[in-house]
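At position 287 of the sequence shown (counting the first as 1) the number is 286 in numbering that gives the first Met the number 0, and the numbers step up by one without a gap.
We treat Cβ as the ideally placed atom computed from N, Cα and C, and that holds for glycine.
Everything below concerns the one structure shown next.
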Amino acid sequence: MPLPLEPPPAADPMDAIRAGFFVECDDLLESLRDAIAAFESAARRQTRHDPETIHTAFRAVHSVKGGAAAFALSALVGGNMLTVAAMPDLSRYIRTVKGAATSMVLSFPVATPLLIVASALPALASGETDIMRLVVMAGFGLPVLLILILSIWTINAANLYSASLSMGATFPRVPSWVYICVGGAIGGGFALWGIIDAFVPFLVFLGILIPPIAAIYVIDAMTVFRTADPAASIANLPAMRWPAVAVWIGSIIVALVAERFGITLTTVPMIDATIIAIVAYLAVIRLVRPRALEPVEGVV
């Protein structure tokens, strides 16, 4: 009498994830090799004074993953620039310039890339971007699911806190609890609506929206407010400095229109918008009457 056949062992979900990860890494390395080869070929064929060398180099970078590198850079920088330019709580407890520089070095160049890589590898390996499905596929179970829920809870509480500080600095007469309640309701509504499906385009848009603000900040600090007292400047500045606002809005419009029609300076929308803002604001400082740009009399 033949013995009953044993059922084949169940496939381990992690095996598929590991195999997919190595395949994705091979594809990415191949794309990077092609880009590096294009760089080297352009450098050998052209002199350093020939602008075609630069164009060829940028085309090589843009060819990595079908141009995804440029949009990935815009998305990453957009999210980080939002933290730097729009959140006043970022440095509110830092007393010295050294402390601010140390925290930035540890956060953005070190911790942030590690977290991004740790988040991206499972998605690249499995082809799945839904975090809950990844947890189920990996068989981690309820404990990790609870950790994810607590993490999301903590992050969004910090976002509401930061948003209330930012809006409170802009509109100080409105109580902070109003921003927290309204922001929570809006965020919850967008989450139920499925806004996460448009998260990457949102980050790319932030990459165009926020860096020009940082560029204007830096130019102001290096020129108009170079000798100003920070506390006195905050207390005496006009409510709105329209030349800076006009340059910011104009740089965004130009960058978006140029991207729509395929016109680019660097192939990276974020860098294009920043360059436009820098050039335009420097021109405004040169051409517009100084009284329209300088802080209120007695500050500088």
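- Judged by their CB atoms, A254 and P268 are nearer to each other than the 8 angstroms cut-off.
- Take the alpha-carbon of V134 and the one of A245: they are about 46 angstroms apart.
- The C-alpha of I209 lies about 25 angstroms from the C-alpha of R94.
- Put simply, the backbone Cα of D196 is about 43 angstroms away from that of N235.
- Between the region 180 to 193 and the region 151 to 169 there are three or more inter-stretch CB-CB distances shorter than 8 angstroms, so the stretches are counted as touching.
- Excluding five sequence positions before and after S106, none of the CB atoms of its chain fall closer than 6 angstroms to its own CB.
- Look at R132 here: in three-state DSSP terms it is helix.
- Counted as a single uninterrupted DSSP element, the stretch harbouring P108 is not any alpha helix (DSSP H), since DSSP gives it neither H nor E.
- When secondary structure is reduced to three states using DSSP, I209 falls in the coil class, being assigned neither helix nor strand.
- Within the same chain, V173, S175 and Y178 come within 8 angstroms of G167 by CB-CB distance, once the 5 residues on both sides are set aside.
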